[in-house]
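Numbering (the numbering used here), first residue to last: -18 to 112. Every residue, glycine too, gets a C-beta built ideally from N, C-alpha and C.
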């Protein structure tokens, strides 16, 4: 069955042909026989089966795009130590502005894409689908 649609060329040395045939053609024929036994689809040919395998290998699933594809979100160190903006927003909402100013972390890092001072934990939380 594998000899009907062999992709091998005459310019390839014989031992490479044998290895290639054993690895790919035999595996494809075995996969086709398994596919036919599982799906009860007896009418599919080896050529259409190979085409379907190629289509599935070339298929690229829809991957969600980053929030802002033009910006690079990197955590960069700065000269000044400032409050982490997401930590401050969360604490000021829960504890109030004055308590948040006293208890918020002060960090040397900021996100280059967002232009906000951030600690490592907040950066990972905010950009988990961008990275």
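- prompt: In angstroms, rounded to a whole number, what distance separates the CA positions of residue -1 and residue 11?
  reply: If you take the alpha carbons of residue -1 and residue 11, they lie about 17 Å apart.
- prompt: Buried or exposed: where does residue -4 fall if 16 or more other Cβ atoms within 10 Å of its Cβ makes it buried?
  reply: Under a 10 Å Cβ-count criterion, residue -4 is classified as exposed, with fewer than 16 other Cβ atoms of the shown protein chains found around its own Cβ.
- request: Reducing DSSP to helix, strand and coil, say where residue 92 ends up.
  value: In the structure shown, residue 92 adopts extended strand secondary structure according to DSSP, grouped into three states.
message: If distances are taken between C-alpha atoms only, which option among 68, 97 and 95 comes closest to residue 84?
response: Distance from the Cα of residue 84 is smallest, within the candidate group 68, 97 and 95, for 68.
- prompt: Residue ranges of each beta strand (DSSP E) run of no fewer than 3 residues wholly in the segment 1 to 36, ordered along the chain?
  reply: Fully enclosed beta strand (DSSP E) runs of 3 or longer: not present.
Residue range of the unbroken beta strand (DSSP E) whose run includes residue 63: First-last of the beta strand (DSSP E) with residue 63: 56 to 64.
message: Which residue wins for smallest C-alpha separation from residue 97, given the options 58, 15, 42 and 35?
response: Put simply, of 58, 15, 42 and 35 the residue whose alpha carbon is nearest the alpha carbon of residue 97 is 58.
- request: Label residue 89 either buried or exposed according to how many other C-beta atoms from any shown protein chain fall within 10 Å of its C-beta, with 16 as the threshold for buried.
  value: Residue 89 sits exposed, since fewer than 16 C-beta atoms from the chains shown fall within 10 Å of its C-beta.
- request: Would you mind giving the Cβ-Cβ distance between residue 108 and residue 54, rounded to the nearest angstrom? I have them listed as a contact below 8 Å.
  value: Confirmed, about 5 Å.
field: Straight-line gap, residue 18 to residue 24 (C-alpha atoms, nearest Å)
entry: Cα to Cα, the separation comes out at about 12 Å.
query: In terms of residues, what are the limits of the alpha helix (DSSP H) holding residue 105?
result: Here the alpha helix (DSSP H) through residue 105 covers 101 to 107.
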